[in-house]
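**Q**
2 protein chains.
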Amino acid sequence: MKFLPALIAIIVLVLPLVTQTASAQPVYKWRLAMSWPEGTPMLHNAAQRFADNVRKMSAGRMNIAIDAPGKHKAPLGIFDMVRSGSYEMGHTSSYYYKGKDPATTFFTTTPFGMNPTEMNAWYYYGGGLALLNKVYAKHNIVAFPGGNTHIQMGGWFRKEINSLKDLNGLKMRIPGHAGEVVEKVGMKPTSIPPGELYTALERGTIDAVEWIGPANDEKMGFHKIAPYYYTGWHEPGAELHVFVNKKKFDTLPEDLKTIIAVAAKETSLDMLSESFYRNTLAWEKMQKEGKVKIRTFPKDVLDAFKKANDELLTEFAAKSPEAKEVIESQKTFLAKARVWTKITDEDYLKLR
Amino acid sequence: MKFLPALIAIIVLVLPLVTQTASAQPVYKWRLAMSWPEGTPMLHNAAQRFADNVRKMSAGRMNIAIDAPGKHKAPLGIFDMVRSGSYEMGHTSSYYYKGKDPATTFFTTTPFGMNPTEMNAWYYYGGGLALLNKVYAKHNIVAFPGGNTHIQMGGWFRKEINSLKDLNGLKMRIPGHAGEVVEKVGMKPTSIPPGELYTALERGTIDAVEWIGPANDEKMGFHKIAPYYYTGWHEPGAELHVFVNKKKFDTLPEDLKTIIAVAAKETSLDMLSESFYRNTLAWEKMQKEGKVKIRTFPKDVLDAFKKANDELLTEFAAKSPEAKEVIESQKTFLAKARVWTKITDEDYLKLR
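Protein sequences appear in the order of chains A and Z. Going by the numbering used here, the letters in the first sequence line up with residues 78 to 429, in that order. Going by the numbering used here, the letters in the second sequence line up with residues 78 to 429, in that order.
1. Just grab the DSSP bridge partners of Glu-316/Z for me.
2. Going by DSSP, what residues sit across from Asn-322/Z in a beta bridge?
3. Can a CB atom of chain C be found closer than 8 angstroms to the CB of Tyr-202/A?
4. Please report the distance separating the alpha-carbon of Val-378/A from that of Gln-364/A.
5. Give the interface partners of Arg-429/Z over in chain A, defined as CB-CB distance under 7 angstroms, in chain order.
6. So is Pro-93/Z in contact with chain A if we call contact Cβ pairs under 8 angstroms?
7. Can you list, in chain order, the residues of the region 129-148 of chain Z whose Cβ is nearer than 8 angstroms to any Cβ on chain A?
8. Should Ala-142/Z go down as buried or exposed, given a rule of 16 or more other Cβ atoms within 10 Å for buried?
9. Closer than 6 angstroms by C-beta to Lys-248/A: which residues in its own chain qualify, once you throw out the five before and the five after it? Chain order, please.
10. Within 10 Å of its beta-carbon, does Val-212/A have 16 or more other beta-carbons around it, so buried, or fewer, so exposed?
11. Which chain A residues are close to Lys-342/Z, counting only those with a beta carbon under 8 angstroms from its beta carbon?
12. For the beta strand (DSSP E) that contains Lys-265/Z, what are its first and last residues?
13. From the DSSP output, which residues share a beta bridge with Lys-248/Z?
14. Out of curiosity, what's the CA-to-CA distance linking Ala-99/Z and Leu-329/Z?
15. Do you know offhand how far Tyr-105/Z's Cα is from Arg-138/Z's?
16. At a Cβ cut of 7 angstroms, what residues of the region 216-227 of chain A count as close to chain Z, listed as they run along the chain?
17. Can you tell me whether DSSP reads Gly-205/Z as helix, strand or coil?
18. List the residues of chain A whose Cβ lies closer than 8 angstroms to the Cβ of Asp-332/Z, in chain order.
19. Would Asp-332/Z be called buried (16 or more neighbouring beta carbons within 10 Å of its own) or exposed?
20. Using CA coordinates, which residue listed in Tyr-425/Z, Leu-390/Z and Glu-423/Z is at the minimum distance from Pro-179/Z?
21. Closer than 6 angstroms by C-beta to Ile-371/Z: which residues in its own chain qualify, once you throw out the five before and the five after it? Chain order, please.
22. Please return the same chain residues whose Cβ sits closer than 6 angstroms to the Cβ of Asn-140/A, not counting the five positions on each side in sequence.
23. Enumerate, from N- to C-terminal direction, the unbroken beta strand (DSSP E) stretches of 3 or more residues contained entirely within the region 102-166 of chain A.
24. With contact counted as at least three CB pairs below 8 angstroms, one residue from each stretch, are the region 194-208 of chain A and the region 403-411 of chain A in contact?
25. Give me, in chain order, the residues of the same chain whose beta-carbon lies closer than 8 angstroms to that of Lys-149/A; leave out the 5 immediate sequence neighbours on both sides.
26. Kindly list the residues whose CB is nearer than 8 angstroms to the CB of Ser-397/Z, restricted to its own chain and excluding five residues on each side of it in sequence; keep chain order.
27. Might you give, ordered along the chain, the residues of its own chain that have their beta carbon closer than 7 angstroms to the beta carbon of Ile-337/Z, omitting 5 neighbours on each side?
28. Please look up how many angstroms separate the CB atoms of Gly-224/A and Met-348/A, rounded, as I've assumed it's under 8 angstroms.
29. For Tyr-275/A and Ile-251/A, what's the separation of their Cα atoms in angstroms?
30. If the criterion is Cβ atoms closer than 8 angstroms, does the pair Trp-310/A and Gly-253/A meet it?
31. Express the C-alpha separation of Tyr-354/Z and Gln-229/A in angstroms, rounding to a whole number.
32. Taking the Cβ atom as the reference point for each residue, do Ile-238/A and Arg-160/A lie within a distance shorter than 8 angstroms?
33. To the nearest angstrom, how far is it from the Cα of Ile-289/Z to the Cα of Pro-188/Z?
34. Which residues in chain A have a C-beta closer than 8 angstroms to the C-beta of Tyr-425/Z? List them in chain order.
35. Report the neighbours of Trp-360/A on chain Z: residues whose CB is nearer than 7 angstroms to its CB, in chain order.
36. Check whether the Cβ of Asp-422/Z lies closer than 8 angstroms to any Cβ atom in chain A.
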């Protein structure tokens, strides 16, 4: 009978230790708020792919539930929701938050700037990723590139643009920094909710509309009423981002941290590939229907856009030392990169 | 005292079950044979990066030890070593194994074929990855794209090439399928070990040499003796591959399978970025030294290369139904993709 207390003591003391070892790995049930409506081609897919891969690679130790704006009501409020921790994660794009911090703007894309291959070289080897996290650490966010739209188109116009003066007074749906660029050359950028764009264009409330590319544009039906489709200059590969609340990220075990980082990077490549693929098919279909007239803006228009963009970037760089650092870092890298791109990507596409 | 046997029984029966749960996850100590010599820029980095990410994401449950050819002695024998299981994994490139199976050839790159962005769209959305594994399953290998050199240069020439007849009888180090293409137009492709290339070029044993791109070529010193550097046509973004012995892969738990797949894809993007970045810097340095003359092959040369390549692809497609399937799949996708590339990547680089 004298062994009994000792045995009970062993069971009471040892068993929890052993079972704790077995279940030492807690399960994280995290929530992700995305900027995109439920079912948006490519964009929702990218968020879902990221969450699925994290769950699979962690053997279910991290489960991420995705909420669309229909639930969280703030498509452009992901920054605040992740910063405060009301969501542990977000899938969005950095340039929506220039009102929060001007330095966040050009992590998405820069007019006349880097294409996706150059952007990735800058992010992963040219100091971009370190800068991204220098900027976001101040806001309690860890950020990762996590999706790319490929080079976006310049938009749908009801009338052909033959010179700069044809743009004068033209009303166009084109948001953000690019909207400021076109305003500087005499256009009138307007803000209209997506659901009303087709009617606005049809009735002439606006003369032109910039959206994304064929795979997303096709469903909007713009090509039926504004047949001039201009090639892109303003978003040469918009990068999306995975946001993680920094305090919560810092408490994760190292394996989950790496799983998140690698899953985000895989998603970036995957969405670029899906965007390219779907645009290819949608563009083929649009061409068969035979109503779209593809155009590149005339030289005087492009020169005016470039000049306005350069001036705005200079103004923008004055807003914060970090905004300046981002702009300068991209500019310095692109100056070298474009020389290499010229004799490889550009030369190859011409000779092929 | 009557509780004692019951307590002992509980301890004997329950404790092993609990500890087994705690240690149920075996540690895999796997070996990877790579084709690249120890320390090769980009290429060895890519293999190491893949192994490091797998180890980190699995919290050490999969440790991959990398052997270079200095150890395994068979840089172009990775296919056999992984097939047989003497190595569980390999890092190599599919086109080295056309002697084993002609269908493996064009998973790396195709002359005048897809650039890296198009190639990724084909792999991940255009059926390429499924075809890759259809071909490799027969050889007991699971294969993943796992690194990209970016668009390679066309090589170093001692004399300028002004027309097709300047190529007649020219001796050039250019291996594989591209070697067959140049042979068809009158050149003499030769095989010379890397260590002897500089001397062979200096002494005129060969007239030209194709290697990779500035970051790798610079160390070879070719630009000092063959100043004409031609732009690329034959390897518009060579993809490397991670091989895994299929029988062993199939025994892995699902989380490790996904970890391997995602790590390989991340490595593909990362090496493309590193290649782009390092080539950009090396090319800047070469240009400053002022000795390199950049040239694009004249139109009659490119036309002859294209014609010879088309003929060889047709001959090649006859070698096996699967080789034909790969060639046709790429051709069909590229026909659509190049139309989209033309109004995005190509147009953008011209107008930027």
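The C-beta atom is built at its ideal place from N, Cα and C for all residues, glycine as well.
**A** Short version:
1. The residue labelled residue 316/Z in the question sits at position 239 within the second sequence. Glu-316/Z is bridged to Asn-225/Z.
2. What you label residue 322/Z is simply residue 245 of the second sequence in a count that begins at 1. DSSP lists Ile-218/Z as partners of Asn-322/Z.
3. The structure shown contains no chain C; its protein chains are A and Z.
4. On the first sequence, position 301 is the one that residue 378/A refers to. On the first sequence, position 287 is the one that residue 364/A refers to. Taking the straight line joining both Cα atoms gives about 25 angstroms.
5. The residue labelled residue 429/Z in the question sits at position 352 within the second sequence. Those within 7 angstroms of Arg-429/Z in chain A are Phe-189.
6. For the purposes of this step, residue 93/Z is identified with residue 16 of the second sequence, where counting begins at 1. Reliability of the predicted coordinates at Pro-93/Z is poor, the pLDDT of 49 falling under 50, and no value is obtained from them.
7. Asn-130, Lys-133, Met-134, Ser-135 and Ala-136
8. Taking the first residue of the second sequence as 1, we reach residue 142/Z at position 65. It is exposed - the Cβ of Ala-142/Z has fewer than 16 other Cβ atoms within 10 Å.
9. Your numbering for residue 248/A matches position 171 in the first sequence. Here the set comprises Lys-265, Thr-267, Ile-283 and Asp-284.
10. Counting from 1 along the first sequence, the entry for residue 212/A is found at position 135. Its Cβ being crowded by 16 or more others within 10 Å, Val-212/A is buried.
11. The sequence position of residue 342/Z within the second sequence is 265, counting from 1. Under the 8 angstroms cutoff, chain A gives Glu-343, Leu-346 and Asp-347.
12. Taking the first residue of the second sequence as 1, we reach residue 265/Z at position 188. Lys-265/Z -> beta strand (DSSP E) spans 265-267.
13. As a first step, residue 248/Z is located in the second sequence; it is residue number 171 there, counting from the start. In the DSSP output, where bridge partners are listed per residue, Lys-248/Z has Lys-265/Z.
14. Within the second sequence, numbered from 1, the residue matching residue 99/Z stands at position 22. Within the second sequence, numbered from 1, the residue matching residue 329/Z stands at position 252. Bear in mind that a pLDDT of 44 at Ala-99/Z, under 50, signals an unreliable position, so the model cannot answer this.
15. If you number the second sequence from 1, residue 105/Z lands on position 28. If you number the second sequence from 1, residue 138/Z lands on position 61. For Tyr-105/Z and Arg-138/Z, the distance between alpha carbons rounds to 6 angstroms.
16. His-227
17. In the second sequence, counting from the first residue as 1, residue 205/Z sits at position 128. Gly-205/Z: helix per DSSP, three-state reduction.
18. Your numbering for residue 332/Z matches position 255 in the second sequence. Within 8 angstroms Cβ-Cβ: Lys-133, Met-134, Ser-135 and Ala-136.
19. What you label residue 332/Z is simply residue 255 of the second sequence in a count that begins at 1. Buried: at least 16 other Cβ atoms inside 10 Å.
20. Along the second sequence, read from residue 1 onward, the residue named residue 179/Z stands at position 102. Nearest option by C-alpha distance: Leu-390/Z.
21. In the second sequence, counting from the first residue as 1, residue 371/Z sits at position 294. For Ile-371/Z, where only same-chain residues beyond five positions count, the Cβ hits under 6 angstroms are Tyr-306.
22. Here residue 140/A is taken as the residue at index 63 of the first sequence, counted from 1. Cβ neighbours of Asn-140/A beyond the five flanking positions: Lys-106 and Arg-132.
23. 105-111 and 139-144
24. yes
25. Counting from 1 along the first sequence, the entry for residue 149/A is found at position 72. With the sequence shown as reference, residue 149/A is identified as His, and Lys is not the correct amino acid for it. Counting only Cβ-Cβ distances below 8 angstroms, and skipping sequence neighbours, we find Ala-110, Met-158 and Tyr-164.
26. Position 320 of the second sequence holds residue 397/Z. The residues are Asp-178, Pro-179 and Ala-180.
27. Numbered from 1 along the second sequence, position 260 holds the residue referred to as residue 337/Z. Same-chain partners within the cutoff: Val-131 and Val-321.
28. Numbered from its first residue, the first sequence carries residue 224/A at position 147. Numbered from its first residue, the first sequence carries residue 348/A at position 271. Confirmed, Cβ separation roughly 4 angstroms.
29. Counting from 1 along the first sequence, the entry for residue 275/A is found at position 198. Counting from 1 along the first sequence, the entry for residue 251/A is found at position 174. Answer to the nearest angstrom: the Cα atoms are 14 angstroms apart.
30. In the first sequence, the residue the question calls residue 310/A occupies position 233. In the first sequence, the residue the question calls residue 253/A occupies position 176. No.
31. For the purposes of this step, residue 229/A is taken as residue 152 along the first sequence, with counting starting at 1. For the purposes of this step, residue 354/Z is taken as residue 277 along the second sequence, with counting starting at 1. Their Cα atoms are separated by approximately 24 angstroms.
32. On the first sequence, position 161 is the one that residue 238/A refers to. On the first sequence, position 83 is the one that residue 160/A refers to. Cβ atoms of Ile-238/A and Arg-160/A: not closer than 8 angstroms.
33. Residue numbering aside, residue 289/Z sits at position 212 when the second sequence is read from its first letter. Residue numbering aside, residue 188/Z sits at position 111 when the second sequence is read from its first letter. About 14 angstroms.
34. The residue labelled residue 425/Z in the question sits at position 348 within the second sequence. Residues of chain A passing the Cβ test: Asn-192, Ile-228, Thr-308, Gly-309, Trp-310 and Pro-313.
35. Mapped onto the first sequence, residue 360/A falls at position 283. The contacting residues are Val-416 and Trp-417.
36. Indexing the second sequence from 1 puts residue 422/Z at position 345. By this cut-off, Asp-422/Z is an interface position.
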